[in-house]
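Working notes, structure below.
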Amino acid sequence: MAGSVVQSSRSRDLDKLLLRPGNLIGANFEPGSQLRDDLQQYVKVLVIGAGGLGCELLKDLALSGFRNLEVIDMDRIEVTNLNRQFLFRLEDVGKPKAEVAAKRVMERVSGVNILPHFCRIEDKEIEFYNDFHIIALGLDSIEARSYINSVACSFLEYDSDDNPLEETIKPMVDGGTEGFKGHARVILPGVTPCFECTIWLFPPQVKFPLCTLAETPRTAAHCIEYAHLIKWDEVHSGKSFDPDDSEHMKWVYSEALKRAELFGIPGVTYSLTQGVVKNIIPAIASTNAIISAACALETLKIVSGCSKTLSNYLTYNGAEGLHTKVTEFVKDKDCLVCGPGVLIELDSSITLQKFIDLLEDHPKLLLSKASVTHRGKNLYMQAPPVLEEMTRSNLGVPLFDLMGKVLKDVVHVTGVASKNDKKTSCLRKLRVAFKGVDGVTDMDTASGA
Amino acid sequence: MIKLFKVKEKQREIAANANGVPPVKKQSAGELRLQKDISELNLPKTCNISFPNGKDDLMNFEVTIHPDEGYYLGGTFLFSFQVSPVYPHEPPKVKCKTKVYHPNIDLEGNVCLNILREDWKPVLNINTIIYGLFHLFTQPNHEDPLNHDAAAVLRDNPKMFEFNVRRAMAGGYVGQTYFTRCM
Ligand SMILES: [Zn+2]
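If you're matching them up, the sequences are chains G and H in order.
As numbered in UniProt numbering, the first sequence has no gaps in its residue numbers, which increase by one up to the final residue, 449.
As numbered in UniProt numbering, the second sequence has no gaps in its residue numbers, which increase by one up to the final residue, 183.
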């Protein structure tokens, strides 16, 4: 009995959101116990990353009524994580973050089930990601975000009027922190800008000129980068540096220290060495907590419709006073990752050469000298000569065959577009759909491949 | 969105029965942009590009440069390019695979070219980098040294520098360092 008392008090506040109608609700909100049950029993959420943000996200989502969670992270716990990654204890050092985080949250929040995955995000099949209704990202790398974004956008389909098919949208909530600063954003591919539409939001990593490192170091970071980028290769010919190998990191630290002494530069420490080499900015627990709270709340709102969602990018800055702001970024309609692309219907007998000719006259494209790529395979390259030669034999082959006989799929083309007598080079996404394939009716093509 | 989730589930079941094609990872935006760069390459006769892993791996390629003037006339220099999936947000990693006596390239093949590091901008492209590398051979400069000794000789004694370059390219010692023939 005690258990049920705890249960009802735990979901009391959540019930107020989910069981009652309201005025500030999202589209298609249907309050009621069915909604609460679905949230608990039906909805599956994937948390990517079990670090500073990931620990917070798992806890927040579990306490927001989600009961089917999975978490993926490739890292093991380090001593330096313990100050903010609050699910971990000293005796956990060396264990996989995903496994320990899942266990700790399950111990504390009854009824929640968290399945950990100790692996790289690239190790999972694409279909793995399609199983989740929503993905919450607690990552610190632009590469990982870009990868997950391309996966989530690959599920997106458009109708013949270039409108996204709602049921193919894989929502993502992305959090990120750097010291006192953070962001939380909602990505509904096809509706709000995807990560690639606004990649310029991420400042490029600071890169020092190599000759400065080699000749005129002025800061501790210069000494560390010298040891990391120049000295390492000089001494370890052929062996590549592994930032996750502590022996490698110690070697870089000791070399950086020597160099700093030589030039009379103070400030080289082991943790600074790790920070510079891995491009880490000191993490602050409360920034993670604030950003995670925003992300968990958006996840709840998107899934339940109990309130309008963030539209679409929140920045938080606690460095000087406190400042938060929401910006509504717009998507890039020509985005290669989330955009619809230009729909082209073709007869299955059309050869690649004929297809390239068609692009020149297509009113939406007027694209000459096209090079064509499909799922990582270069079907035809206009240049350089070495690639042109390797791909030339494809020109006489039907495109349908070259694309593996799928009824519709995306190809990318680059070439020269003519607009009002102006020629510009461009890269376009095309949705190719084939017709006139034996044994296949229009119904089948419409249901989508 | 729960209603939509359920719609999606139904459709996936139907699709699975109707021999649907499972989604495959799309190319990264970096790969696509690189494909554009490569298909628009316009290289001088002195530069050649090759793809050791075949036509479908453009992310790792090699460029050979044969300078047709200056100190390095007659030499052949091989560079490897490694392009990140977030290109052009990040510049490619470029290394010189030919051991060269050069003020701006060290003996490990690190290259001091501003657009490869501090001055990289996403509007730049592979063509710009290859021209930049070519330029290093026609106009080596002693102001951004990576090979300190070579830079000092170029600055103080250009005749000696020329002699050292010829010697290194022909295969032989310059000071304590042995260079394999690259002409
Ligand atoms: Zn996009």
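C-beta: ideal position from N, C-alpha, C; glycine also.
Please read these numbers as outputs of a predicted model, since none were measured by experiment.
Worksheet item: Thinking just about the alpha-carbon of each residue, which of G:D73, G:H117, G:I284, G:A62 is nearest to the one in V43 of chain G?
Response: Looking up residue 43 of chain G in the first sequence gives position 43. Closest by C-alpha distance to V43 of chain G, out of G:D73, G:H117, G:I284, G:A62, is G:A62.
Discussion item. So if DSSP puts H117 of chain G in a beta bridge, which residue, or which two residues, is it bridged to?
Written reply: Numbered from its first residue, the first sequence carries residue 117 of chain G at position 117. In the DSSP secondary-structure assignment, H117 of chain G is bridged to G:I72.
Worksheet item: Smallest Cα separation from M172 of chain G: which of G:Y226, G:S141, G:K103, G:L46?
Response: On the first sequence, position 172 is the one that residue 172 of chain G refers to. Among G:Y226, G:S141, G:K103, G:L46, the Cα nearest to that of M172 of chain G belongs to G:L46.
Worksheet item: According to DSSP, which residues form a beta bridge with G175 of chain G?
Response: By 1-based counting over the first sequence, the position of residue 175 of chain G is 175. Partner(s): G:G138, G:A184.
Worksheet item: Do the stretch 207-226 of chain G and the stretch 245-256 of chain G make contact, defined as three or more Cβ pairs closer than 8 Å?
Response: As far as the Cβ criterion goes, the stretch 207-226 of chain G touches the stretch 245-256 of chain G, which means the pair count is three or higher.
Worksheet item: If the cut is a Cβ gap below 8 Å, which residues of chain G does K174 of chain H touch?
Response: Within the second sequence, the letter at position 174 stands for residue 174 of chain H. First, the amino acid is wrong: residue 174 of chain H is Val here, not Lys. Per Cβ cutoff of 8 Å: no residues; V174 of chain H is ~17 Å from chain G at best.
Item to complete: Establish whether the CB of K45 of chain H and some CB of chain G are separated by less than 8 Å.
Response: Counted from its first residue, the second sequence places residue 45 of chain H at position 45. With a threshold of 8 Å between beta carbons, K45 of chain H makes no contact with chain G.
Discussion item. Between C47 of chain H and ligand 1, is there a pair consisting of the residue's CB and a ligand heavy atom that are separated by less than 7 Å?
Written reply: Your numbering for residue 47 of chain H matches position 47 in the second sequence. C47 of chain H Cβ: outside cutoff for every heavy atom of ligand 1.
Fill in: Limits of the beta strand (DSSP E) - the one that E345 of chain G falls within
The sequence position of residue 345 of chain G within the first sequence is 345, counting from 1. Residues 342-347.
Worksheet entry | Selection from G:P96, G:C338, G:R104 that minimises the alpha carbon distance to E56 of chain G | Within the first sequence, the letter at position 56 stands for residue 56 of chain G. From the listed residues G:P96, G:C338, G:R104, the smallest Cα separation to E56 of chain G is found for G:R104.
Worksheet entry | Presumed contact (8 Å Cβ cut-off) between A151 of chain H and P145 of chain H, rounded CB distance | Indexing the second sequence from 1 puts residue 151 of chain H at position 151. Indexing the second sequence from 1 puts residue 145 of chain H at position 145. Right, their Cβ atoms sit about 3 Å apart.
Worksheet item: Does the beta carbon of V397 of chain G fall short of 7 Å from some heavy atom of ligand 1?
Response: On the first sequence, residue 397 of chain G is found 397 positions in, with the first residue counted as 1. A distance criterion of 7 Å places the beta-carbon of V397 of chain G beyond contact range of ligand 1, judged by its closest non-hydrogen atom.
Discussion item. Would C197 of chain G and K331 of chain G qualify as a contact pair, given that the criterion is a beta-carbon distance under 8 Å?
Written reply: As a first step, residue 197 of chain G is located in the first sequence; it is residue number 197 there, counting from the start. As a first step, residue 331 of chain G is located in the first sequence; it is residue number 331 there, counting from the start. Yes, the Cβ-Cβ distance between C197 of chain G and K331 of chain G is below 8 Å.
Worksheet entry | I48 of chain G: first and last residue of the uninterrupted beta strand (DSSP E) it sits in | Taking the first residue of the first sequence as position 1, residue 48 of chain G is located at position 48. Residues 44-48.
Worksheet entry | ligand 1 site residues, beta-carbon cut 5 Å against heavy atoms | Residue selection by CB proximity (closer than 5 Å to any heavy atom of ligand 1) returns G:C194, G:E196, G:C197, G:C335, G:V337, G:C338 in chain order.
Fill in: Beta carbon proximity, N114 of chain H to chain G, threshold 8 Å
Looking up residue 114 of chain H in the second sequence gives position 114. When Cβ-Cβ separations below 8 Å define contact, N114 of chain H makes contact with chain G.
Discussion item. Against chain G, does Q82 of chain H count as a neighbour if the rule is that its beta carbon must be under 8 Å from one of theirs?
Written reply: Here residue 82 of chain H refers to the residue found at position 82 of the second sequence. With respect to chain G, the C-beta atom of Q82 of chain H has no partner C-beta closer than 8 Å.
Discussion item. Less than 8 Å between CB atoms is the rule here; does F79 of chain H satisfy it with respect to chain G?
Written reply: The sequence position of residue 79 of chain H within the second sequence is 79, counting from 1. By the rule that beta-carbons nearer than 8 Å mark a contact, F79 of chain H does not touch chain G.
Discussion item. Do D73 of chain G and residue 451 of chain G count as a contact pair if the criterion is CB distance below 8 Å?
Written reply: Only positions 1 to 449 of chain G appear in this structure, which leaves residue 451 of chain G out of reach.
Fill in: Under 8 Å between C-beta atoms of F77 of chain H and V100 of chain H
The sequence position of residue 77 of chain H within the second sequence is 77, counting from 1. The sequence position of residue 100 of chain H within the second sequence is 100, counting from 1. Judged by their CB atoms, F77 of chain H and V100 of chain H are nearer to each other than the 8 Å cut-off.
Discussion item. Just checking: is the beta-carbon of K93 of chain H within a distance shorter than 8 Å of some beta-carbon in chain G?
Written reply: One-based indexing of the second sequence puts residue 93 of chain H at position 93. Chain G contact via Cβ: absent.
Worksheet item: Does residue 457 of chain G have its Cβ less than 8 Å from a Cβ in chain H?
Response: The question about residue 457 of chain G has no answer here: the residues shown for chain G are numbered 1 through 449.
Worksheet item: What alpha helix (DSSP H) runs, 4 residues minimum, are completely inside the UniProt domain "E2 binding" (344-435) of chain G?
Response: You should have 352-361, 385-391, 399-402.
Worksheet item: With contact counted as at least three CB pairs below 8 Å, one residue from each stretch, are the stretch 379-391 of chain G and the stretch 34-49 of chain H in contact?
Response: Segment contact: the stretch 379-391 of chain G against the stretch 34-49 of chain H, three or more CB-CB distances shorter than 8 Å; contact assigned.
Discussion item. For a contact defined as C-beta to C-beta under 8 Å, what are the partners of P384 of chain G on chain H?
Written reply: As a first step, residue 384 of chain G is located in the first sequence; it is residue number 384 there, counting from the start. Within 8 Å Cβ-Cβ: I38, L41, L43, I49.
Practice prompt. Return the CA-CA distance between R218 of chain G and D409 of chain G, expressed in angstroms with no decimal places.
Written response: Counted from its first residue, the first sequence places residue 218 of chain G at position 218. Counted from its first residue, the first sequence places residue 409 of chain G at position 409. Roughly 53 Å separates the two Cα atoms.
Practice prompt. Would you mind reading off the limits of the alpha helix (DSSP H) that contains G172 of chain H?
Written response: In the second sequence, residue 172 of chain H corresponds to position 172, counting from 1. Where G172 of chain H is concerned, there is no enclosing alpha helix (DSSP H), although the beta strand (DSSP E) it sits in stretches over 172-174.
Worksheet item: Any idea what DSSP makes of C96 of chain H, helix, strand or coil?
Response: Position 96 of the second sequence, counting from 1, holds the residue named residue 96 of chain H. C96 of chain H falls in the strand class under three-state DSSP.
Discussion item. Nearest by alpha-carbon distance to L139 of chain G: which of G:A433, G:F434, G:A283 is it?
Written reply: For this step, residue 139 of chain G is matched to residue 139 along the first sequence. When only C-alpha atoms are compared, the closest one is G:A283.
Worksheet entry | One or two residues paired with T177 of chain H in a DSSP bridge | As a first step, residue 177 of chain H is located in the second sequence; it is residue number 177 there, counting from the start. Answer is H:V174.
Discussion item. Below 9 Å on C-beta distance, what does I230 of chain G contact in chain H?
Written reply: Here residue 230 of chain G refers to the residue found at position 230 of the first sequence. Think of a sphere of 9 Å around the beta carbon of I230 of chain G: the chain H residues whose beta carbon falls inside it are D106, E108, N110, L146, in chain order.
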